[in-house]
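Residue numbers (full-length UniProt numbering): 1 to 135.
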């Protein structure tokens, strides 16, 4: 498994994410997460980001050990030197404790094909360099 550092928001908030080629979407814990798993990780505070937009759309992502529940938001996401302006990503309000409670990463960054996900893949290797919002 590969773990990377990303930042979300303005000013940037830092997260360790596992890179997953079998998954498409990005999600990180939010300040609204009530799961015990969230207390062990960095959480995204949307109230501190001047560029955050909420969609209000609920999301649910199933895993073998439970499911992540949350909502969709949009903000700037940076990995390495790439910045994706207004990228959609999930903000968890409930995480599977059996799985996430003991991980060294905060969230998941999917690098899979667009047809696998809820939103356009964040910083996708498929669209990287062709998407106008990359700086």
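Glycine is no exception: its CB is placed at the ideal position from the N, C-alpha and C atoms.
In this text the structure is predicted, and so the values were computed from the model without any measurement.
| query | result |
| --- | --- |
| Coarse secondary structure for residue 60, derived from DSSP in three states | strand |
| CA-to-CA distance, residue 85 to residue 102, given in whole angstroms | 31 Å |
| Of the residues 34, 41, 51, 35, the one placed nearest residue 8, counting alpha carbons only | 51 |
| Reduced DSSP category for residue 35 - H, G, I as helix; E, B as strand; rest coil | coil |
| Closest residue to residue 70 among 106, 5, 90 (Cα-Cα distance) | 90 |
| Where the beta strand (DSSP E) through residue 97 begins and ends | Residue 97 -> not in any beta strand (DSSP E); alpha helix (DSSP H) instead, spanning 97-100. |
| Through-space distance from residue 13 to residue 57, alpha-carbon basis | 22 Å |
| Cβ neighbour criterion (16 or more within 10 Å) applied to residue 36 | exposed |
| For residue 25, the residue or residues it bridges with in DSSP | According to DSSP, residue 25 bridges with nothing at all. |
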